[in-house]
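Numbering (this note's numbering), first residue to last: 4 to 678. Note that the Cβ used here is the ideal one computed from N, Cα and C, for glycine as well. Notes follow the structure.
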Amino acid sequence: MQWLNNFSKSLYSLETLDMRFAKSTTASQNSASDASRTSASKLDKRSPLSGTKPSKWWTIEYCIYYLVFIIVIPTMVKQVYDISKPGSPGWDSFSKRLSRGWIPGRQIDNSDAQYANFRDNLSYLITLLILHPLFRKLYGTFWRIDNYKLPDGSNTSLSHDPSSLAVADARLQRRTFFDFGFGIIFLIALHGVSAAKVFLIFYANFKIATQLPRSYVPVATWVFNVGILFANEFCRGYPLSVIARILLPDIKAAQDVGARIDSYSGLIPRWEVLFKISILRLISFNLDYYWAQAEGNSNLTEKKHVAALFLSERDRVSYGVALRDFNLKTYFAYTLYAPLYLAGPILSFNDFVFQSRNCLPTTTMVRTSLYGLRFLITVLCMELVLHYSYAVAIIKSSPSWTQYTPYQLAMLGYFNLHVVWLKLLIPWRFFRLWALVDGLDAPENMVRCMSDNYSTLAFWRGWHRSLNRWIVRYIYVPLGGNGGGKVKTMLNVLAVFTFIALWHDINLRLLAWGWLTTLFILPEVIAMIIFPKRKWRDWPETFRILCGIGATGNILMMMVASLVGFVMGVDDVKEMVKGIFAGWFNAGFVTAAVMCLFVKAARSSPFPDLSQTPNPQDEPSIIEFSPSAFPAQYTMQPTARNVPEPQVTTYLAQRVAINVRAATAIGVEEEFLEN
């Protein structure tokens, strides 16, 4: 059974989830390995290592926790299962929303329109996942290195033994030509005649970046894209029949022609709903180009002669690409890249071009296969939840909250949040898997289970992670980050969550979610300032209990905010909360629920110490970094990228040392010549 244990460890390792996490884990494993080689003979495996705390796994405290888990978790599942059975309260109402399931004797709750659209079309998407990389391979057989012409302005040259830079440029040209062509076909298939509207918006954004004076680009970019966000929402995708009715109200034939053209709407007629993810790419291109103009017409590896494969993701994103790569073909290849077009994850323009130019050592067949297996396991988990828990259908049927017990009401909300988590996790993992099969490594969006979050700050770092990183780079840090005091920091956070709410959907419910989230962040920030970890080093157990109490409050507030934003709305959440807290009899349940949440939170790690300067090597998150912790090009100042040469060289040397293990991977030249 050792092989099964090793396989499970590989399947659920951080490296399988996302190699961006491998840096710290690999370093720690290497350190542990070195230590064991030098002093293994002196250690007693039964005694704790010097300087470490005794294990708590078999203490009385943890045995109580185990007992709570054994009793509570099954009863949680039973509560939602009982109210999903025929004859349960409201069955006649919510059973109409159920569909025929594939598990004998069970129907399936496929009433969530967003996930149902993905689930019903999964077979077609899997076909695309298989055919798209095959078409690229077929196209690659006709694009040989001998046929490659250098782009204008390139200083490299080709021979029978081409340089690595020339081969990388050849790979970029080959991939972007294919992505551009396939993207056009893909977009027309998705949106029909509305593809022309998408192209028009893309082209207008490109002109803003390349034709306006440089100092106007950031403001113009934001005004244009936020304006498009509102216009798409209020104009419902600009149907030609409506435009004809406004411009030619007396000509009925023009309106009929417009309606006839609108009928050729493709597989997804409402293109404006999915366009929100493209807005982020448009902003990324414009601001990356704005910052790159200070660097000149060469990329980092050309200027510093640093091996491309040795650069970390932050270097790839931060230091940009050559100005010649900011052309119309590469721009459309980026904005129309099929695997990530519909839902992300979000990849910056700099990173997209870098990965199109250089084959990363992280995109291996073994790792991609393991990631695909994890995706299938997640889909199976969702299928089991939808077959045995009808929480979504119950909520959508607007039930009378008085017919359920407080425990049942709480589980209705809790399992709805789990479905929200899974319905986002599964499409994001599928599209990332598609990109991995195609040779592009996008960030993993969901890195933690919904039930494994006790910190509001850490929650947004692991939930839609690529959006969090995008927000940090393009909004939070340019606004000043946390460098202007606590009040300025919270105003920046308010601006960030207001944008996120409007980006998701322009309605009051999501605005309430954004403002509630900002409000609920405040207690955690204040608590970490009042109770810094460094002041409690002599009382670690007391500090752990304090963290558990704070985490319990955080969990409750995050659940309320998420229910408001993504499940029920303000009024329904009010009624549910009233049903849970009404009467003295329900106080016992509430107390027990809070104690169970404390059991979960007390086992988690303490909160970070905000009084300490964060390590720039760590992954950025909102509130955790000031602009000074980032390379200078994140600011909007035109001269900010003029970093002194020794400072850049030292920084790169450190990054190369961290990522030196990539040297063992297959090189760019080998990958290109094999194709």
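The beta carbons of Trp-473 and Ile-282 sit about 11 Å from each other, so the pair does not count as a contact at 8 Å.
Judged by DSSP in its simplified three-state form, Gln-296 adopts coil rather than helix or strand. Under DSSP, the beta-bridge partners assigned to Arg-103 are Gln-110. The continuous alpha helix (DSSP H) containing Ala-498 extends over residues 488-507.
Rounded to whole angstroms, the separation of the alpha carbons of Lys-581 and Phe-205 is 48 Å. For Tyr-407, the secondary structure class from DSSP, reduced to helix, strand or coil, is coil. Inclusion of Ser-454 and Phe-97 in the CB contact set at 8 Å is not warranted, their separation being larger than that value.
Excluding five sequence positions before and after Glu-18, the CB atoms of its chain that fall closer than 6 Å to its own CB belong to Ala-25, given in chain order. Under the three-state reduction of DSSP, Val-260 is assigned to helix. Thr-366 and Asn-120 have their C-alpha atoms spaced approximately 29 Å apart.
Secondary structure at Trp-542: coil, using DSSP grouped into helix, strand and coil. When the five nearest sequence neighbours on each side are left out, the beta carbons in the same chain lying within less than 6 Å of the beta carbon of Asp-21 are those of Glu-447, in order along the chain. Under the 10 Å beta carbon count, Ile-231 is surrounded by 16 or more other beta carbons and is classified as buried. Nearest to Gly-195 by alpha-carbon distance, out of Tyr-118, Ile-478 and Glu-275, is Glu-275. With contacts defined as CB atoms closer than 8 Å, Val-567 and Ala-515 qualify as a contacting pair. One alpha carbon belongs to Cys-599, the other to Cys-238, and they sit about 48 Å apart.
Out of Arg-273, Ser-469, Met-560 and Phe-357, the CA that lies nearest to the CA of Ser-458 is found in Met-560.
When the five nearest sequence neighbours on each side are left out, the beta carbons in the same chain lying within less than 8 Å of the beta carbon of Ile-583 are those of Pro-409, Leu-412, Ala-413, Asn-589, Phe-592 and Val-593, in order along the chain.
Contact check for Tyr-292 against Ala-223 fails: the beta carbons are separated by 8 Å or more. Contact fails between the region 57-70 and the region 352-363, because fewer than three Cβ pairs, one in each stretch, are under 8 Å apart. In the displayed model, Pro-430 falls within a helix according to three-state DSSP. For the 8 Å CB-CB criterion, Asn-228 and Ile-187 do not form a contact.
Note that the region 473-484 touches the region 496-505; at least 3 beta-carbon pairs, one per stretch, sit closer than 8 Å.
Ser-16 sits away from Ala-396, with the two beta carbons spaced by 8 Å or more. Here Ser-13 is actually not in contact with Leu-428; their C-beta atoms are around 20 Å apart, not less than 8 Å.
Taking the Cβ atoms as the reference, Tyr-391 lies roughly 7 Å from Arg-109, within the contact range of under 8 Å. Counting of Cβ neighbours within 10 angstroms places Gly-553 among the buried residues, the total reaching 16 or more. Between Val-480 and Gly-465, the C-beta gap is not smaller than 8 Å, which leaves the two residues out of contact. Rounded to the nearest whole angstrom, the C-alpha separation of Ser-11 and Val-602 is 27 Å. Within the same chain, Trp-404 come within 6 Å of Glu-578 by CB-CB distance, once the 5 residues on both sides are set aside. Of the residues Gly-416, Arg-547, Ile-509 and Thr-520, the one whose Cα lies closest to the Cα of Asn-557 is Thr-520. Annotation: the continuous alpha helix (DSSP H) that includes Met-385 extends over 368-391. Within its own chain, the residues whose Cβ lies closer than 8 Å to the Cβ of Ile-503, once the five positions on either side in sequence are excluded, are Leu-470, Ile-474 and Gly-517, listed in chain order. Residue burial annotation: Ser-321 is buried, with at least 16 other C-beta atoms found within 10 angstroms of its C-beta. Three or more beta-carbon pairs drawn from the region 257-267 and the region 238-247 are found closer than 8 Å, and the two stretches are therefore classed as touching. Within the same chain, and ignoring the five residues on either side of Phe-189 in sequence, the residues whose Cβ sits closer than 8 Å to its Cβ are Leu-339, Ala-341 and Tyr-344.
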